[in-house]
Every structure is written in structure tokens, then in C-alpha cells.
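Structure record follows, encoded as C-alpha cells.
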Amino acid sequence: METVEMNSVSLKRPRSEDDVANADEIKRQKILEKSKAGNDSGQSIETVTEQPEDTKSEIVPNEESEEQEEEELEDSDEDGDPESFADMMKHGLTEGDVGITKFVSSHKGFSGILKERYSDFVVHEIGKDGRVSHLDDFSVPVDDEDPSEETFTVLSDEDKQRLEELQLFKNKETSVAIEVIEDTKEKRTIIHQAVKSLFPGLETKTEDRDGKKYIIAYHAAGKKALANPRKHSWPKSRGSYCHFVLYKENKDTMDAINVLSKFLRVKPNIFSYMGTKDKRAITVQEIAVLRITAQRLAHLNKCLMNFKLGNFSYKNHPLKLGELQGNHFTVVLRNITGTDEQIEQAMHSLREIGFINYYGMQRFGTTAVPTYQIGRAILQNNWNEVMDLILKPRPGAEKGYLVKCREEWAKTKDPAAALKKLPVKRCVEGQLLRGLLKYGMKNIISAFGIIPRNNRLMYIHSYQSYVWNNMVSKRIEEYGLRAVPGDLILKGATAVHIEEGDVDNYTIHDVVMPLPGFDVIYPKHKIGEAYKEMLVADNLDINNMRHKIRDYSLSGAYRKIIIRPQNVNWEVVAYDDPKIPLFTTDLDKLEGKPLPVLPTDGKFRALKMEFSLPPSTYATMAIREVLKMDTSIKNQTQLNTTWLR
Numbered sequence: 001m002e003t004v005e006m007n008s009v010s011l012k013r014p015r016s017e018d019d020v021a022n023a024d025e026i027k028r029q030k031i032l033e034k035s036k037a038g039n040d041s042g043q044s045i046e047t048v049t050e051q052p053e054d055t056k057s058e059i060v061p062n063e064e065s066e067e068q069e070e071e072e073l074e075d076s077d078e079d080g081d082p083e084s085f086a087d088m089m090k091h092g093l094t095e096g097d098v099g100i101t102k103f104v105s106s107h108k109g110f111s112g113i114l115k116e117r118y119s120d121f122v123v124h125e126i127g128k129d130g131r132v133s134h135l136d137d138f139s140v141p142v143d144d145e146d147p148s149e150e151t152f153t154v155l156s157d158e159d160k161q162r163l164e165e166l167q168l169f170k171n172k173e174t175s176v177a178i179e180v181i182e183d184t185k186e187k188r189t190i191i192h193q194a195v196k197s198l199f200p201g202l203e204t205k206t207e208d209r210d211g212k213k214y215i216i217a218y219h220a221a222g223k224k225a226l227a228n229p230r231k232h233s234w235p236k237s238r239g240s241y242c243h244f245v246l247y248k249e250n251k252d253t254m255d256a257i258n259v260l261s262k263f264l265r266v267k268p269n270i271f272s273y274m275g276t277k278d279k280r281a282i283t284v285q286e287i288a289v290l291r292i293t294a295q296r297l298a299h300l301n302k303c304l305m306n307f308k309l310g311n312f313s314y315k316n317h318p319l320k321l322g323e324l325q326g327n328h329f330t331v332v333l334r335n336i337t338g339t340d341e342q343i344e345q346a347m348h349s350l351r352e353i354g355f356i357n358y359y360g361m362q363r364f365g366t367t368a369v370p371t372y373q374i375g376r377a378i379l380q381n382n383w384n385e386v387m388d389l390i391l392k393p394r395p396g397a398e399k400g401y402l403v404k405c406r407e408e409w410a411k412t413k414d415p416a417a418a419l420k421k422l423p424v425k426r427c428v429e430g431q432l433l434r435g436l437l438k439y440g441m442k443n444i445i446s447a448f449g450i451i452p453r454n455n456r457l458m459y460i461h462s463y464q465s466y467v468w469n470n471m472v473s474k475r476i477e478e479y480g481l482r483a484v485p486g487d488l489i490l491k492g493a494t495a496v497h498i499e500e501g502d503v504d505n506y507t508i509h510d511v512v513m514p515l516p517g518f519d520v521i522y523p524k525h526k527i528g529e530a531y532k533e534m535l536v537a538d539n540l541d542i543n544n545m546r547h548k549i550r551d552y553s554l555s556g557a558y559r560k561i562i563i564r565p566q567n568v569n570w571e572v573v574a575y576d577d578p579k580i581p582l583f584t585t586d587l588d589k590l591e592g593k594p595l596p597v598l599p600t601d602g603k604f605r606a607l608k609m610e611f612s613l614p615p616s617t618y619a620t621m622a623i624r625e626v627l628k629m630d631t632s633i634k635n636q637t638q639l640n641t642t643w644l645r
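Here the sequence shown stands for residues 1 to 645, where the numbers follow the UniProt record's numbering.
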């Protein structure tokens, strides 16, 4: 799956005495010892830290009351003062723990604040045709099949207010009754259409009360509300899919799609997209939905929080994951300390050389146990270890109910008892406990299978990423920034080794490295052997990456080791107020909001930077190269406890 930036918060990793004593861990550390040396820039980045979120929760439409209760619980239990949070983060991972140790540029690093405001990080999707997605048009394509304009005027302001409160669950009423003053069939039809068009999510019916006709509006409840799109007539001349631009602020892509599906009373799987986007950011991307009119979607803008829909068009095809050229990033780094010369050197290096294409810290999870450890246990077929890593108590920042659930599990090993302590059942822990309750403690494989497939595969992909990061650091340490005989390059989709006589025909930008699997080849120099040694230390055989469970068999892939961003631009601006935006968003432009006037000589300086990256690359790794800093939350919280007060 295509990945862009997640939270600026990374993950927390416990280092218990048992971990340190583990023989495999010691063996692995010895093998990787050399590759973890080298981060000696001594520079830092300040970042605003926040309570890490449980990004492993599967978001599925559920019964309304249960879902709202879980959302409230997930939003509560926020972290308190920064010092206690920093203290908990002592158990976290650093970049060196996941193999991120090298830089390619020679400039001196400097510090800055990344994501002080989520609006300091903006992502625009780049489609397969090279077009950058923008929200710049709220208009709806003219269509004779859409409801008449009378549907927008037939309801009184009072009716609209009551219907909106019903739609948004703002009161305890289960229905709203609208009296039909001039009772004709045509009038009733228009009111039915008006309610359904203006207030998606509501159903209507006609009732007689005391000799008067009323239109009753109510929420379609339960699973019936999530049925497939109605089999109403859809014009043959109109494309079956409505494509639109989704603009969202501080919201996950699947979160937004689930909100839309609830309002429209459809299943989320009728929506398609080319890639998921970060939560803690402003992101703009294209979405397609099957047989839902632009008119219905446009009316949702009146009740959507933190996201908007626009740029509607009808097409004959859905969108497919990975069908994009990449993403364009606009990033503000606030309160920078670098001199103009340092900034120029850093940005020129980013444009001309690029950055190491590491998997970023967010790849390794947002909970205290790194996801690669669970992935390694899956590949080892060590299912007791998988269960233990997911459910055992752990130090670090975590929601209170999860702490209680883990304590109960450690004490009783009773999935039913532990599940009772867990009001949010959609998290991975809840899903695994439900599986154990259903299949029993002797069938952990089936219990683990209850977790959605994408989440299960995330663990083994995390392990592949962990290996790749370590091997790339070792490759750069051993051979530097030049192509050497034995390196791998791609010819089409096929990897081939660079031969001695051809080495001058290639640069470091051509070199790829494999993610371990049964369908890849490895470099023909020291690093090829290092791959084997690392997997041996993990009790894995590099020549046998097929798992007895097909889902967990790794075919492998190739990834460029250096990425050179495109469309790199930058500007240093002065400002006084850390809360003011430093550029206008698509929504600001649509709403006519002017950019605040900035002082010529403000108290603070910010670096505004823009660049485009291909899919599955991490903008935080590009920013790391500019600032020469450790992007891990452990490092940042230790640096910034004072600043956060």
C-alpha cells in the first residue's frame, strides 16, 4: 500500500531485562553493530508530541451506539503533562534501532519544529497522468436525472434544523414528523426527495395522524442501512463512478470514507482510492464511488467536519491502489536555527543528491512493541510469541483501558476476562482476544486470523523494512555513494547485477536493494552475505522464505536506495505568532481567506519547502536529511520536554 506521512509521533519500545538476555537479540546486535554506527551530526529537531494513536484499529461501520461510544473512548484518555509523557517514552525506539543511521549530504544540520500544527504538513496526490489533485471547485455537474430544485425549498428552516439535528445525532429523538400542509401525492413525493437529498442517512415514510398526513424522517438502523447502493435507474450515458477530490484535515482516509458511507447508507467497499493518506496533516486526494450522484455527495459538505468534497466528475472506472505517480508535499519547519548558508546547502543537496530511501519510523508501529518483532515471530512460526507480544503488559504511553486489559491477561490468561476490560473492541488486542475466545488457546493461528488481513501483513512487511533499512545502512557504510560491481539495478521489472565492465554506466540513483523473499536476488558483494547473516540471527533461512500459511510467504521486492525529490522549492519566512498559518490551503482559497501579513523581521524563522516523491517513500526521511536529525519520538521527547511546557 502506498504510504505517506503518519503522525509526527513514532513508537515506544520496551527493553526489559528478558529482552536484553535474549540470545538471538545479542547475536543480531553483534552482526549489525557496524551498521548502527555513524549518526554523529549531533543536531536535533523539535516536534510537538501527542498521545500515540492506535492505528491498527480496523474502522468498520458498526451499530451506531457502540461505534460512538468507542470513538468517545478513543478520543479520551489523552496524555497529561509533557514530562510524564517524556518519561514514558524512555522505552521508545530510536532510528538506530530500526537501521536508520546514515546521511548522504555533507552540510551541517540544524533544528526546527516539524508539525507544530497539522496544517504545516500538506499532501497533494499526484495521479497517474501527472496531475496534482486540488480542491478548487464545489460545483456539481449538470444532470437532468438529479432531483428538481423545488426539493431544496420545500422544507422550512425549522424543519431543516430539526432534520439536521436528527441526522447528526444531536438529540435523543429517533424521528422527525413533517406535516404535509397541501396534501397531494406530488407534494409528498417532493418532501420525500428533499429529506433524502439534503439529509443523507435519513429514510422517510408517510403516516396518517389524526386525519393529517405526515412525512416521518428517521435513521435507517443496523446492517440494512449499510446495504449496497440501491438498484435505482442509473443513466447509461453517465459513468458508473463519481470521482471527486477529498480534502481532509487531521483525519485518516479510512475514517473519512467510513463517515461518508454512514451518511450515504452504503458499504465502505464501494469507495476506491489510489493510496491512504496521513491523519496529522492536510491532505488532498482523489476518491471514486460507485453509483452515488455528485449532488448527494455535494450536499454532505454542509455536515462534514474536517473534510470537504469537490471537483466532481463521472467516469466509467474506479480507482486502484498504487495507480499514482506519487505525492506533492508542502512542509513548514518552524523556529529553525540554521543560517541562510546552511539552509541553501541542505536544500541544494536534497534537490541534487536526494536522501536515503529508508522506511520511516511510523513503519514500525505506534505501540510499545515494534511491529517488526511481531512480524519476525510470525515468520518463525512462533505463535505463542506473537500472542505474547501483542497482549503482554508493556511500559510506555498507552490508553488506560489497554493497560488494564494487559494486566488482566498477564494475571489470568483468560481472553474473556481480558476482553471485559477493553471497551474498544476494534483494536488489534480486542480482535485477537475475540479470536482466542472463539478458537481457544491451542489454535492461536486461527485466532490471529480474525485480525484483518492488511493488519496481519503489516507485521511481516515491517520486518522486511527493518531488514532493508539495516542492509542499506551497511551498504552505504561499506561502499559509499557510488555504484559498485555486484550491486543490483532494474532493467524493466527484472533485477540484474552490475558487472565490473559496466560500473561506469550507473550511479547510486540506479541502485536497488531487495526486501527479503523467495523471488528476489541479492547483491554479489559483502552485503549479500550480510542479508543471510541477519536472517540467520533471527532463526530464518533466506533461501526458504515460503511460509506454511500462504499469506505469510514473502516473495520480496526491490527498492531504490536513494531518492531524488522532484519539484524542490523552498523559502525562509519570518513570523511572530506560532499559531498563524504560513501559507493558504485549497480550502482557504475557495473561501477567499487571505494569507496573514508576515513581518519582514519577525521573532522566528520558518523554512517552507515543497517537493514531490514517488509512492511508498517517506517525507520524514527527506526532512531528516535536510535537518540531520533523529525523527524518533524517543529522541524528540527527550530533547523537547522543556520546550513543551
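We put the CB at the ideal spot given by N, CA and C, even for glycine.
Treat the numbers as computed from the prediction; the structure is a model and nothing was measured.
Cα atoms of GLU591 and PHE138: separation of roughly 11 Å, rounded to the nearest angstrom.
If you look at LYS302, you'll find it isn't in any beta strand (DSSP E); DSSP assigns it neither H nor E. Judged by their CB atoms, GLU207 and TYR218 are not nearer to each other than the 8 Å cut-off.
Sequence-distant partners of ILE100 (beyond 5 residues in either direction) whose C-beta falls short of 6 Å from its own C-beta, in its chain, are TYR358, ASN469. Of the candidates ILE181, LEU163, GLN342, the residue whose Cα lies closest to the Cα of THR174 is LEU163. Collapsing the DSSP output to three states places ASP208 in a strand.
VAL626 is not a Cβ neighbour of MET361, given a cutoff of 8 Å. Distance check between ASN301 and each of MET274, ALA256, ASN335, PHE271 places ALA256 closest, using alpha-carbon atoms only. In this structure, SER465 lies near ARG363, with their beta-carbon atoms less than 8 Å apart. The C-beta distance from PHE244 to ASN316 rounds to 15 Å, too long to meet the 8 Å contact threshold. Cβ neighbours of ASN306 within its own chain (closer than 8 Å, five residues either side excluded): LYS248, GLU249, ASN250, LYS251.
ALA194 and LEU246 have their C-alpha atoms roughly 25 Å apart. Straight through space, the alpha carbons of ILE181 and ILE216 are spaced by roughly 14 Å. Unbroken beta strand (DSSP E) stretches of 3 residues or longer found wholly inside the segment 156-214: 175-179, 202-209, given in chain order.
TYR618 carries a coil assignment under DSSP once its states are collapsed to helix, strand and coil. Counting only runs of at least 3 residues, the segment 485-515 fully encloses the following beta strand (DSSP E) elements, listed from N- to C-terminal order: 488-491, 494-497, 511-515. With 16 or more other CB atoms across the displayed protein chains lying within 10 angstroms of its CB, MET621 is buried.
Runs of the alpha helix (DSSP H) spanning 4 or more residues and lying entirely within the segment 280-347 occur at 294-300, in chain order. Residue state for MET545 is assigned as coil, using DSSP reduced to three classes. With fewer than three CB-CB distances shorter than 8 Å, the segment 483-499 does not count as touching the segment 403-412. The C-alpha of GLN345 lies about 49 Å from the C-alpha of GLY430.
If you keep only unbroken beta strand (DSSP E) runs of at least 3 residues inside the segment 247-285, you get 271-273. Under the three-state reduction of DSSP, LYS236 is assigned to coil, being neither helix nor strand. Collapsing the DSSP output to three states places MET609 in a strand. In this structure, LYS262 is the residue among ASP120, LYS262, GLY517, LYS438 with its C-alpha nearest to the C-alpha of LEU304. In this structure, the beta-carbon distance from LEU135 to VAL284 falls below 8 Å. Using a Cβ distance threshold of 8 Å, LEU419 and ARG434 count as a contacting pair. Following the DSSP letters along the chain, one finds VAL472 in no beta strand (DSSP E) but inside the alpha helix (DSSP H) bounded by residues 453-479. Pairwise C-beta distances place the segment 318-328 out of contact with the segment 525-536, as fewer than three of them are shorter than 8 Å. Membership of GLN373 in the alpha helix (DSSP H) is indicated by the continuous run 371-379.
In the DSSP assignment, the residues bridged to ARG559 are MET513.
Between the alpha carbons of ASN381 and THR371 lies a gap of roughly 15 Å. Residue burial annotation: PRO523 is buried, with at least 16 other C-beta atoms found within 10 angstroms of its C-beta. Of the candidates LYS560, GLU286, THR600, VAL142, the residue whose Cα lies closest to the Cα of ARG475 is LYS560. Contact check between the segment 114-123 and the segment 325-336: three or more CB pairs, one atom from each, fall below 8 Å, which counts as touching.
Three or more beta-carbon pairs separated by less than 8 Å link the segment 445-460 to the segment 545-558, which places the two stretches in contact.
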